DNA sequence: GCCCTCTTTGGATCGCCACTCCAATCACGC
DNA sequence: GCGTGATTGGAGTGGCGATCCAAAGAGGGC
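Chains as they are written, first to last, in our numbering: chain A, 1 to 198; chain B, 199 to 396.
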């Protein structure tokens, strides 16, 4: 229900219909709705983390770890919104742990490793949250992806080029823009910065 | 109302009481509640951005810009939650523009400047969203900051050291941890990474 | 001073939501 | 076959955002 209709489609009423049951049955198993959402998000991420790579060189392993989370959230935007609301869920512990170990293997000194890991996790979650927001706008608009992007481009084109030269220039690059690629560039920037800490 | 009681304290009912008016008056000026929230968030950020520095060297100016947004969101957590839900608001245009120009001044080649700016914006918003989430947990717990942190530390201490050695080690550093400092370390990592692109 | 028009306001009302509560039912050890 | 705790269904509660419209205000033309 979350994947097909977004967060707003998952109401307890709709869930009782889908499961042909009542509220009592649901509330016997989960504390409240946010508990339900959090558990569902954990489930998705647990699936991703189980297929983690450990034996490659740290740099590519870190990239794989980050892009794994990105792809999972890209496929299930509601997970991104959920983790932006409630970080430090059990499932993210695995992610954080994986990043920490790989930074160790990468040669980051113990003193700054926690800050570096936190920075990387924050970046990944930040992109995830924004992707989730974009996806929500898309599914909420009622239109298909193509016309939605056209409308968005039209809006951006109206930005005053005199006041916002950089933003205006950015809009011209919107066509050749790929979220996943930009995310990877960001990961590489942080990895390059972390390398200077060695 | 947002600053004192968080997002959940701002209901339209409570607002009509506070302003001693009715729904009609409010809905005549704003489209809906999210419009109200977004406008309020814009207001806060506009105040921060107006005091931006342009004439210092790009590195310190970028740090100042980033930390300005961080501090504003730290003081008003609901702004962080709002921007994580709806990025690309007018107020963030100023931030994005400022980052872009400073990256230009910093010597980042045009080709990667947009990706770099996007990365930094995502990072700042990611940290902001997480800070907002933490603040929400704090105000929602009903306890004061000290006992809340003690409870949190207790929870983290229960993490299995065998399965999560890195996370477990991180908890021991929780005492000397400062969100703002860690944020700045992250910005510096980003800047170091950006330097390699020059 | 009066009327007309457009703007602004108040509040009753609607529909939907998460959540509570409890009687009824089920599963299973003895 | 009985008893007890786990599980289920669904009516009911209170609060929410949002709508709607009659009433009140503001201001211009004559």
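Ideal placement from N, C-alpha and C gives every residue a C-beta, glycine not left out.
The structure presented is a predicted model; accordingly, all values stated were derived computationally and were not measured.
Please name the residue, chosen from 280(B), 384(B), 359(B), that lies closest to residue 318(B) on a Cα-to-Cα basis. The count along the second chain starts at 1 and reaches residue 318(B) at position 120. Cα-wise, what sits closest to residue 318(B) is 384(B).
Compare the C-alpha of residue 316(B) against each of 178(A), 154(A), 161(A), 15(A) and name the closest. Position 118 of the second chain, counted from the start, is the residue given in the question as residue 316(B). Minimum Cα distance to residue 316(B) is reached at 178(A).
Interface positions of the region 272 to 304 of chain B facing chain A (Cβ-Cβ less than 7 Å), listed along the chain: 282, 283, 284, 285, 291, 294, 295, 298, 299
Using 10 angstroms around the beta-carbon of residue 74(A), count the other beta-carbons present and answer buried if the total reaches 16, otherwise exposed. Position 74 of the first chain, counted from the first residue, corresponds to residue 74(A). Residue 74(A) is buried by the Cβ-count criterion.
Quick check for students: name the residue ranges of the alpha helix (DSSP H) that lie wholly in the region 238 to 307 of chain B, counting only runs of 4 or more. 256 to 273, 275 to 283, 288 to 304
Give the residues of chain B in contact with residue 116(A), contact being defined as C-beta atoms less than 7 Å apart. Along the first chain, read from residue 1 onward, the residue named residue 116(A) stands at position 116. Under the 7 Å cutoff, chain B gives 387.
Mind checking residue 217(B): buried by the 16 CB within 10 Å criterion, or exposed? For the purposes of this step, residue 217(B) is taken as the residue at position 19 of the second chain. It is exposed - the Cβ of residue 217(B) has fewer than 16 other Cβ atoms within 10 Å.
Thinking C-beta only, is residue 387(B) closer than 8 Å to residue 194(A)? Reading the first chain from its first residue, position 194 is the one you call residue 194(A). Reading the second chain from its first residue, position 189 is the one you call residue 387(B). Yes, they are a contact pair.
Can you pull the chain A neighbours of residue 323(B), defined as C-beta to C-beta under 8 Å? Position 125 of the second chain, counting from 1, holds the residue named residue 323(B). Simply 126, 129, 130.
Quick one: any contact between the region 292 to 300 of chain B and the region 333 to 347 of chain B, if contact means 3 or more CB pairs under 8 Å? no
Could you say which of 71(A), 167(A), 64(A) lies nearest to residue 180(A) if we only look at CA atoms? Along the first chain, read from residue 1 onward, the residue named residue 180(A) stands at position 180. If we check each option's Cα against that of residue 180(A), 71(A) comes out closest.
Which of helix, strand or coil DSSP assigns to residue 191(A): As a position in the first chain, residue 191(A) is number 191, starting the count at 1. Note: residue 191(A) maps to helix in three-state DSSP.
Helix, strand or coil: which one does DSSP assign to residue 361(B)? As a position in the second chain, residue 361(B) is number 163, starting the count at 1. In this structure, residue 361(B) counts as coil in the three-state DSSP scheme.
Taking 8 Å as the CB-CB cut-off, is residue 23(A) touching chain B? Here the question's residue 23(A) lines up with position 23 in the first chain. So no, residue 23(A) is outside the interface.
Looking at residue 91(A): is its Cβ nearer than 8 Å to the Cβ of residue 282(B)? Residue numbering aside, residue 91(A) sits at position 91 when the first chain is read from its first letter. Residue numbering aside, residue 282(B) sits at position 84 when the second chain is read from its first letter. No, these two residues do not count as a Cβ contact at 8 Å.
Flag residue 243(B) as yes if its beta-carbon sits less than 8 Å from any beta-carbon of chain A, otherwise no. Numbered from 1 along the second chain, position 45 holds the residue referred to as residue 243(B). Judged by the 8 Å Cβ criterion, residue 243(B) is not in contact with chain A.
Excluding the 5 residues preceding and the 5 following residue 58(A) in the sequence, name in chain order all residues of the same chain whose CB lies nearer than 7 Å to its CB. The count along the first chain starts at 1 and reaches residue 58(A) at position 58. Excluding positions up to five away in sequence, the list reads 102, 105, 106.
Contact under 8 Å by Cβ, residue 126(A) with residue 321(B): Working through the first chain from its first residue, we reach residue 126(A) at position 126. Working through the second chain from its first residue, we reach residue 321(B) at position 123. Yes; because the gap between Cβ atoms is below 8 Å, this pair is in contact.
Using a Cβ-Cβ cut-off of 8 Å, state whether residue 122(A) counts as contacting chain B. For this step, residue 122(A) is matched to residue 122 along the first chain. Interface residue, yes.
Are the C-beta atoms of residue 112(A) and some chain B residue less than 8 Å apart? Taking the first chain and counting its residues from 1, one reaches residue 112(A) at position 112. So, interface residue.
Residue 3(A) - containing alpha helix (DSSP H), residue span: As a working note, residue 3(A) is residue 3 in the first chain. Here the alpha helix (DSSP H) through residue 3(A) covers 2 to 5.
Can you find a CB in chain A that lies within less than 8 Å of the CB of residue 384(B)? The count along the second chain starts at 1 and reaches residue 384(B) at position 186. For residue 384(B), the answer is yes, since a Cβ of chain A falls inside 8 Å of its Cβ.
Residues of the region 161 to 183 of chain A in Cβ contact with chain B at a cutoff of 7 Å, in chain order, please. 164, 166, 167, 170, 173, 182
Using C-beta distances below 8 Å, list every residue in its chain close to residue 109(A), excluding the 5 sequence neighbours before and after it, in chain order. Locating residue 109(A) in the first chain gives position 109, where the first residue counts as 1. The residues are 197, 198.
How should residue 171(A) be labelled, buried or exposed, when 16 other C-beta atoms within 10 angstroms of its C-beta is the threshold for buried? Locating residue 171(A) in the first chain gives position 171, counting from the first residue. Counting Cβ neighbours within 10 Å, residue 171(A) comes out buried, since at least 16 surround it.
Residue ranges of each alpha helix (DSSP H) within the region 317 to 380 of chain B, 4 or longer: 343 to 355, 363 to 370
Backbone CA spacing between residue 69(A) and residue 147(A) [nearest angstrom]: Taking the first chain and counting its residues from 1, one reaches residue 69(A) at position 69. Taking the first chain and counting its residues from 1, one reaches residue 147(A) at position 147. Roughly 28 Å between the two C-alpha positions.
Express the C-alpha separation of residue 374(B) and residue 389(B) in angstroms, rounding to a whole number. In the second chain, residue 389(B) corresponds to position 191, counting from 1. In the second chain, residue 374(B) corresponds to position 176, counting from 1. About 24 Å.
With 16 other Cβ atoms within 10 Å as the buried cut-off, status of residue 211(B): Taking the first residue of the second chain as 1, we reach residue 211(B) at position 13. With fewer than 16 other Cβ atoms within 10 Å, it is exposed.
Comparing alpha-carbon positions, which option in 254(B), 243(B), 207(B) lies nearest residue 231(B)? Counted from its first residue, the second chain places residue 231(B) at position 33. The shortest C-alpha separation from residue 231(B) is found at 207(B).
What in chain A is Cβ-close to residue 337(B), meaning under 7 Å? Numbered from 1 along the second chain, position 139 holds the residue referred to as residue 337(B). In chain order: nothing, as chain A lies at least about 14 Å away.
Assign residue 77(A) to buried or exposed, taking buried as 16 or more other Cβ atoms, counted over all protein chains shown, within 10 Å of its Cβ. Locating residue 77(A) in the first chain gives position 77, where the first residue counts as 1. Buried, by the Cβ-count rule.
Three-way DSSP call (helix, strand, coil) for residue 11(A) in this model: On the first chain, position 11 is the one that residue 11(A) refers to. Reduced to three states, the DSSP call for residue 11(A) is coil.
Shorter than 8 Å from the beta carbon of residue 133(A) to some beta carbon of chain B? Within the first chain, numbered from 1, the residue matching residue 133(A) stands at position 133. It does; some Cβ of chain B falls within 8 Å.
What are the start and end residues of the alpha helix (DSSP H) that includes residue 223(B)? The residue labelled residue 223(B) in the question sits at position 25 within the second chain. Note, residue 223(B): alpha helix (DSSP H), 221 to 227.
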